[in-house]
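Below you'll find the structure, written out as structure tokens, and then a few comments.
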Amino acid sequence: MLSLHEKKVLMALKENKEESVENTAERAGLDEVAVMRAALWLSSKNLIKIEEKTEKIVKITDEGRKLSKKLPEREILRKIGKGIFLDQMHLENGIALGWLKKRNWARIKRIENRNFLEIAEEGKNFLNKKTEDEKILEKLQKGKMSLQEIPKNVLNILKSRKAIVIKEKIKRNIILTDLGIQEIKKGIVLKEEVSQLTPEIIIKQSWKNAEFKKFNIKTDVKNIHPGKKHFVNQALEYVRSIWIEMGFKEMKGPIVDTQFWVFDALFQPQDHPARDMQDTFFLKYPEEGPLPRRELVKSVKNMHENGIMEGWGYKWNENIAKKLILRTHTTSLSARTLAELSKDDIPAKFFSIGKVFRNETLDWNHLAEFYQADGIVVDENASFRQLLGYLKRYLVKMGFEKFRFRPAYFPYTEPSVEAEVFHPIKKQWVELFGAGIFRPEVVVPLLGEDIPVLAWGPGPERIIREYWNIVDLRDLYKNDLKQLRELKLFFKR
Amino acid sequence: MMGTELESFGDEITVEIFPDRPDMLSVEGFALALQGFLDIKTGLYHFKSNDSKYKAFIGEKVKKVRPDAVCAVVKDVELTDAAIKSLMQVQEKLHLTHGRNRKRVAIGVHDLDKIDFPVRYTTMPKDYKFIPLECEGEMTLDGILQKHKKGVEYKHLLEKYEEYPLWIDSKEQVLSMPPIINSEYTKVTETTKSLFIDITGYGLKYLEQALNILIMSLAIRKGKIYSVNVKDGNREYRYPDMTPKKMEIDVDYTNKVLGLDLSSNEVSEFLKRMRYDIEDKNVLIPAYRADIMHKIDIVEDVAIAYGFNNFKPEIPNISTIGENDPFEEFLRIIRNLVIGFKLTEIKNYVLTNKEDLFKKMNLEEERIAEMQNALTVEYNVLRNSLIQGLMRTYSINTHYEYPQNIFEIGEVFRIENGKIKEEVNLSVGICHEKANFTECKEILNSFFENLGIKYDIEEKERKCFIKGRAGSIMIDGKQIGYIGEIHPQILSNWNIGMPVAIFEINLNEVYERV
């Protein structure tokens, strides 16, 4: 299938079988660029051949144009007559004289100490005749000439007078091949071509008399970007949906919280190293926050000091509990939720996904601010076996086939368990997340009695790292727009 | 599967010990536990404590400085290189963890034969002298704190007192200055056969736990335990007390918690493997266990012996309905709406610094939530707006193609009546060669239209915006946000070379009215 331009070019060659690109353009009624483009297509189809020749051409300069209009030595020749005294002439410079002498059009005689310019034979000869170089210059005014057309001596003269400039030009010829000749014999019908279909063409129905230009549908197109959710948010949405599907209700609560909820209500002793300034962000302003209702505070205080069977053996300090910190885990939300539950609400399942903070310097494997998820099941009949059941279901949903459980330690759970998965590439067991049953010392002040509370806290960061192959955790919040736009969407079956 | 993570395995094995099992911090304690777990030797390890005439007195003065102390004697210990290494390791680890870096518990180990009993634990003035361990000459107590390596490291534990604690024998020889350093005189060498152990600190319970762990380790090394009579005012104690604690066995409770149906025999067998013993209806708990606070701690040991992977996981049939927090659901809808304007979502930390929030934005400093102890100055306050996050993102993407139209939905923290109010804002930024107020307003307009909320814009200058191109966004006469073109001075502050127009609104306010 030939395009309109290809057809036109072939037609232009029909007569002579070979034409220069220039001539082809003229005959086809196209500009040279279009001709070349069509010629390249035709050439790839073997219908024509393109021959290239480098040609030297000569063009007139501005100086050349000036000389052509007014040749200085000819001006003088006209005025000389038989002869004239130099001092009677107004000469701008010696150029004209120089050329007069060179051309032998005049000579200078000394008469009574004065210079006399006398016309010579050649001068008389060329009075009414143009020299070769003048003729050529005239021709050049009208257009360029090829180097071969100009005799060497003229070339030198014109060059020395800076009247011309010599350029190299690639001259291309288009030659019909036998295949091309055959194609023409088949018959070429020139039809109007439609490129962009417009409302006008549709309404006027002028497409009926035209052909649709074939598009190169394989060309690359411009890259565009949709509006997009941040990839971390995409992953969080997915994690949230898993919990909801398993029947869990979302818990919400403050990021800035008192030590009471983050540590004390979870039976973590006030002198525990995790509570000192090393790992936790303490607030300078505001420094303290409100404690909950008195009975609850008293209950927690009593638990710390005396325990159920045994306490921590110190004096619990309310002032420490009041201090505001950035929560180090979302388990504070579990504590808050338990404190608001009544027996009628049980059995109940809750989850939370939120930001947690550790006072650390950032490196590829540690962030100061990251996400944690927490899930709790409050049920009188809950047991350790059931905890493992929930963990198994969660792991299977996340796509892990090979997993195991081993004993762990968390200050507020007993028993505590760590879920491990077998990493298929690293070929080793990797820790995934921790879980356990809240200690009675935690539950009794919050719920009023020792009802089993199963808990586990997977962090979404691992999923995020693995799905998008991100090694450096800092890349999660770099906000490099190239990365944000190029990362594929999160989708897990 | 015993509850210790194996880190490396070869001629030497490295394990991670959890904080609740300090008894396994010694090789001997670890071996003891492993013996039982592997069913090689089960039940309680029996300690025999011999009476003796050794006496220790606790003085009045030290009660105000470092009040609590326990001690014990162990004779004929097999002090091989390995044993010494193990002893030092457990002492070090106990210091660090259980001892809260020597504050709560500090341990001193001495060559018994150098000591003339009775010993006393008291305080002495700062200019008192003795030769500290590994030193050639005498040093004053104060001098040790200032110049000795250990003194400098732990001086914060004693500095504020007038006098410092010392163990001194009847011949006025100094045994040690807890928690800093022992004396050279009672140094343990290859020729030492018997040991005197002193432990001081705050909280007898923790001191006793540490002592029992040490005694256990030494007893396993064939050491003979001799008790010391400690007189504290008009009270008398005998240390160590390796008598096992008693707790009533509760098989029903165990089965309920674990979801199993074990017989009391089975429970007993499991407990024996965890080095407990059963006597009538009681569980006998080894004296070196520091973690048994409630019968639940015993239940965990039953579970470990049973084997975590032997449990058949079960999910009960509680049907509960899952529920999104409604505000989160609202945010999800907002997010979906905003990406419809072809904006890319960004996500910044909530921790930031005053320079980004105020100085670079040319805004007046406001009261915001500040951290006391942030490790980096870059992240030491909580943001009260999102606009600087937009600017920061623009400043790191100047080599990337434009337009850069972005948004953020995130938590902000405002101070109201001296309290922190946690809210969520939306910020939108338009940035490209022809970015201007109009384009930004078009988005704002469509945003509210799609939420069915009527809003208004009032002219209001803000230092970060170009004068005459800034406004407050109002709903029902209340300001809930602002909109404007960023002033080029601020663009320069952030090294941004393109015009930027933004708006920011409080989504909590929008949520109220949607």
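For the record, the sequence lines run as chains S and V.
With the working numbering, letter number 134 in the first sequence gets 149, and the count goes up by one each step, no holes.
With the working numbering, letter number 69 in the second sequence gets 66, and the count goes up by one each step, no holes.
Think of the CB as a built atom: it goes at the ideal place given N, C-alpha and C, for glycine as much as any other residue.
Only a predicted model underlies this, so the values are computations on that prediction, with no experimental measurement involved.
- A distance below 8 Å separates the beta carbons of V/Val71 and V/Ser191.
- Using a Cβ-Cβ cut-off of 8 Å, V/Gln88 does not count as an interface residue toward chain S, since no Cβ of chain S sits closer than that to its own.
- S/Lys124 and S/Thr76 have their C-alpha atoms spaced approximately 36 Å apart.
- DSSP places S/Ser398 outside both helix and strand once states are collapsed to three, so it counts as coil.
- Neighbours of V/Asn345 in chain S, taken as residues whose beta carbon is under 9 Å from its own, are Tyr492, Asn494 in chain order.
- Among the CB atoms of chain S, none fall inside 8 Å of the CB of V/Tyr236.
- Contact note: V/Asp195 does not reach chain S at a C-beta cutoff of 7 Å; the least C-beta distance is about 21 Å.
- Residues Met121, Val171, Met174 of the same chain have their beta carbon placed closer than 6 Å to that of V/Leu163, with the five preceding and five following residues left out of the count.
- Here V/Ser265 carries a helix assignment [DSSP, helix/strand/coil].
- At least one C-beta of chain V is nearer than 8 Å to the C-beta of S/Phe263.
- Among the CB atoms of chain V, one or more fall inside 8 Å of the CB of S/Arg419.
- For S/His438, not one C-beta of chain V is nearer than 8 Å to its own C-beta.
- Among the CB atoms of chain V, one or more fall inside 8 Å of the CB of S/Leu298.
- V/Phe404 sits close to V/Val335, with the two beta carbons spaced by under 8 Å.
- Judged by DSSP secondary structure, S/Glu208 falls within the beta strand (DSSP E) whose first and last residues are 207 to 209.
- Taking the beta carbon of S/Leu403 as reference, the chain V residues within 7 Å of it are Phe308, Pro310, listed in sequence order.
- Fully enclosed alpha helix (DSSP H) runs of no fewer than 4 residues occupy 333 to 337, 346 to 355 of the segment 313 to 363 of chain S, in order along the chain.
- The beta carbon of S/Ile323 falls within 8 Å of a beta carbon belonging to chain V, placing the residue at that interface.
- The beta strand (DSSP E) runs of length 3 or more contained entirely in the segment 72 to 149 of chain S are, from start to end of the chain, 98 to 100, 121 to 126, 129 to 134.
- V/Ser382 and V/Asn490 have their alpha carbons spaced roughly 18 Å apart.
- For V/His484, the nearest beta carbon of chain S is not closer than 8 Å to its own beta carbon.
- Chain order gives the chain S residues near V/Gly200 as Gly328, Tyr329, where near means a beta carbon separation below 8 Å.
- Think of a sphere of 8 Å around the beta carbon of S/Ser357: no beta carbon from chain V falls inside it, the nearest being about 16 Å out.
- The beta carbons of V/Leu109 and V/Lys123 sit no closer together than 8 Å.
- Taking 8 Å as the cut-off, the beta carbon of V/Tyr236 is found no closer than this to the beta carbon of V/Leu41.
- Contact of V/Gly256 with chain S is assigned, a C-beta pair being separated by under 8 Å.
- Looking at the DSSP output, V/Tyr397 bridges to nothing.
- In this chain, the alpha helix (DSSP H) harbouring S/Trp56 covers 47 to 59.
- With a threshold of 16 other beta carbon atoms within 10 Å, S/Thr352 meets it and is buried.
- Taking the C-beta atoms as reference points, V/Lys168 is found no nearer than 8 Å to V/Met244.
- For S/Val468, there are no C-beta contacts with chain V under 9 Å, since the nearest C-beta of that chain is about 12 Å from it.
- Setting aside the 5 residues that flank it on each side, S/Trp276 is surrounded in the same chain by Ser347, Ala350, Arg351, each with a C-beta closer than 7 Å to its C-beta; the list follows chain order.
- Residue environment: V/Lys50 is assigned as exposed (fewer than 16 neighbouring CB atoms within 10 Å of its CB, all protein chains considered).
- Taking 9 Å as the upper bound on Cβ-Cβ separation, chain S lies near residues Lys416, Ile417, Glu419 of the segment 416 to 429 of chain V.
- Taking C-beta atoms as the reference points, S/Gly414 and S/Trp258 fail to come closer than 8 Å.
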